[in-house]
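Data block below; observations after.
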Amino acid sequence: MNAAELTVEDISWAPRRNEAPILFPTSFHVSARRVMGIVGPNGAGKSTLLRMLYRYNTPLTGRILVDGDDIWSLPPRAAARKVAAVLQEQPTDFSLTTREIVSLGRVPYRLGFNTPGLHEADIVAGALDQLDLLPLADRLLGTLSGGERQRVMVARAFAQQPQLLILDEPTNHLDIRNQLEVLDLIRDLDVTVVTSLHDLNLAASICDDVLILNKGQTLAFGPPNEVLTERLVTNAFHVQAREDWLNRSSTRHFTFHLQNERTPLQ
0 MNAAELTVED ISWAPRRNEA PILFPTSFHV SARRVMGIVG PNGAGKSTLL RMLYRYNTPL
60 TGRILVDGDD IWSLPPRAAA RKVAAVLQEQ PTDFSLTTRE IVSLGRVPYR LGFNTPGLHE
120 ADIVAGALDQ LDLLPLADRL LGTLSGGERQ RVMVARAFAQ QPQLLILDEP TNHLDIRNQL
180 EVLDLIRDLD VTVVTSLHDL NLAASICDDV LILNKGQTLA FGPPNEVLTE RLVTNAFHVQ
240 AREDWLNRSS TRHFTFHLQN ERTPLQ
C-alpha cells in the first residue's frame, strides 16, 4: 500500500438539491499516513461524509482529492484502487469462504474475466495472515461469528491495497482483544485512514486528527488534544464531559454525565 494525501474541499450532501443539507460544506486536509477520526452524536453526518469519500453518495458541492486526483472524476475501477471501505453492515452472502471474500479485494486489478495469478494469491494470503484468518480461510462466511466476519471485511480492504482506507466504526462486533489488534494494524499500515468512531477515548488515543460534526456542520478539526476539549465535547454531545488524566500515565480520559445528573456515562 502507498499512502496518499486527502484533501476535501467544501463537500456537502442532501437527498435532493431543493432539500436542506444533511452535511453542510465541509473542508479538511489529511496528510499521508495519518489517521483521522470523525466523531459526533447520532445524526451528525458522519456516515454521510464517509459515503462520499468511498463514492457511494455523490457530493452536492465540492471535491475530494486523493493525491490530487478527484475521485469522482476517475473511472470506478481506478477509484477502487485508491480507496477501500470497511462498513458497519455485515455481509449477507454466506455461500463464500473467507478466502473468497478477501479475494474480492483484488477485483479492481483484474481485467475482464482474468483469473487471479500467483502474485494476487500471495497478497490475499498476506491479508489473511495480518488478520489471523488463515485458520479460517476455507470456512464459509456464514459459520463465522460477527467479530470474525468483521475481521474478514478488514482483510478484504487490506487485499485491495488502497491509498486511502475508510472505516465506519471498525471495532463494532469485536471483543476487546480483537479491537486492539485491528487498531494496532491500522496504525502500522502504510495507508491514510479516515474512520468514524463513537468512543471518544479511542479517538483520542489512535487518531492524529479529529473532526467533530454536529447537525451536519463542522465544530472543530485538528489534533485530538486541541479538538477534544471538555467544552467542545459537552456542546457536541449535550452531555457534561469531564477530562481526567489516568493515574501514572499521561493519557487523557473522558467521563460523561447527563447534564444535571451525577451518573457517569462511559
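No gaps in the numbering here: position 158 of the sequence shown is 157 in numbering that gives the first Met the number 0, and each next residue is one more. Built from N, CA and C at the ideal position, the CB exists for glycine as well. Note that the structure is predicted; figures quoted are calculated from it, not measured.
7 Å CB neighbourhood of A78 in its chain, flanking five on each side removed
Start at 1 with the first residue of the sequence shown, and residue 78 comes out as number 79. Same-chain partners within the cutoff: R54 and I70.
Using a Cβ-Cβ cut-off of 7 Å (strictly less than) and excluding sequence neighbours within five positions of L132, which residues of its own chain qualify?
On the sequence shown, position 133 is the one that residue 132 refers to. Closer than 7 Å at the Cβ level, and outside the excluded window around L132, lie T97, R150, V151 and A154.
Where R50 falls, given that 16 or more other Cβ within 10 Å makes a residue buried
As a first step, residue 50 must be located in the sequence shown, where it is residue number 51. Buried, by the Cβ-count rule.
Through-space distance from P14 to T57, alpha-carbon basis
Within the sequence shown, the letter at position 58 stands for residue 57. Within the sequence shown, the letter at position 15 stands for residue 14. Going by the C-alpha atoms only, they are around 10 Å apart.
Is the region 14-27 touching the region 179-188 in the sense that three or more CB pairs, one from each, lie closer than 8 Å?
no
Extent of the continuous beta strand (DSSP E) to which L218 belongs
Taking the sequence shown and counting its residues from 1, the one referred to as residue 218 is at position 219. Here the beta strand (DSSP E) through L218 covers Q216 to G221.
Quick one, are the C-beta atoms of R255 and Q239 less than 8 Å apart?
Reading the sequence shown from its first residue, position 256 is the one you call residue 255. Reading the sequence shown from its first residue, position 240 is the one you call residue 239. For the sequence presented, residue 255 should be read as Phe rather than Arg. Cβ atoms of F255 and Q239: closer than 8 Å.
So, for P81: in the same chain, excluding its five sequence neighbours on each side, which residues have a beta-carbon less than 8 Å away from its beta-carbon?
As a working note, residue 81 is residue 82 in the sequence shown. Note on residue identity: the sequence assigns Lys, not Pro, to residue 81. Same-chain partners within the cutoff: A3, V65, D66, D68, I70, L73, P161, Q162 and L163.
Does I175 pass the burial test, meaning 16 or more other C-beta atoms within 10 Å, or should it be called exposed?
Translated into the one-based positions of the sequence shown, residue 175 becomes position 176. By the 10 Å Cβ count, I175 comes out exposed.
If I measure Cβ to Cβ from C206 and keep anything under 7 Å in the same chain, skipping five residues before and after, which residues do I get?
Here residue 206 is taken as the residue at index 207 of the sequence shown, counted from 1. These residues qualify, in order along the chain: V34, M35, G36 and P223.
What are the boundary residues of the beta strand (DSSP E) that T47 is part of?
Residue numbering aside, residue 47 sits at position 48 when the sequence shown is read from its first letter. From DSSP, T47 is part of no beta strand (DSSP E) but of the alpha helix (DSSP H) over K45 to L52.
When you compare only the Cα positions, how much space is there between R76 and T228?
Your numbering for residue 76 matches position 77 in the sequence shown. Your numbering for residue 228 matches position 229 in the sequence shown. If you draw a straight line from the Cα of R76 to the Cα of T228, it comes to about 41 Å.
Looking at L212: is its Cβ nearer than 8 Å to the Cβ of T194?
Residue 212 sits at position 213 when you count from the first residue of the sequence shown. Residue 194 sits at position 195 when you count from the first residue of the sequence shown. No, Cβ-Cβ distance for L212 and T194 is not below 8 Å.
Using the DSSP secondary-structure output, state which residues sit across from W12 in a beta bridge.
On the sequence shown, position 13 is the one that residue 12 refers to. Listed as beta-bridge partners of W12 by DSSP are L22.
Measuring only the C-alpha atoms, how far is E85 from A158?
As a first step, residue 85 is located in the sequence shown; it is residue number 86 there, counting from the start. As a first step, residue 158 is located in the sequence shown; it is residue number 159 there, counting from the start. Per the sequence presented here, residue 85 reads as Val, with Glu not at that position. Cα to Cα, V85 sits roughly 12 Å from A158.
Between G42 and E8, how many whole angstroms is the CB-CB distance? I'm expecting something under 8 Å.
On the sequence shown, position 43 is the one that residue 42 refers to. On the sequence shown, position 9 is the one that residue 8 refers to. Not really, about 24 Å apart at Cβ, beyond 8 Å.
Cβ atoms of V38 and A202: under 8 Å apart, would you say?
Your numbering for residue 202 matches position 203 in the sequence shown. Your numbering for residue 38 matches position 39 in the sequence shown. A contact, by the Cβ cut-off of 8 Å.
Selected residue, minimal CA-CA separation from P24, among S94, T217 and A124
As a working note, residue 24 is residue 25 in the sequence shown. With distances taken between Cα atoms, P24 lies closest to T217.
Rounded to whole angstroms, what's the CA-CA distance from L173 to L179? Just pull it up for me.
Locating residue 173 in the sequence shown gives position 174, where the first residue counts as 1. Locating residue 179 in the sequence shown gives position 180, where the first residue counts as 1. Cα-Cα distance, rounded: 9 Å.
Would you please state the rounded distance, in angstroms, between the beta carbons of L5 and T191? I believe it to be under 8 Å.
Along the sequence shown, one-based indexing puts residue 5 at 6. Along the sequence shown, one-based indexing puts residue 191 at 192. Rounded, the Cβ-Cβ distance is 6 Å, consistent with contact.
According to DSSP, which residues form a beta bridge with F27?
In the sequence shown, the residue the question calls residue 27 occupies position 28. Per DSSP, V7.
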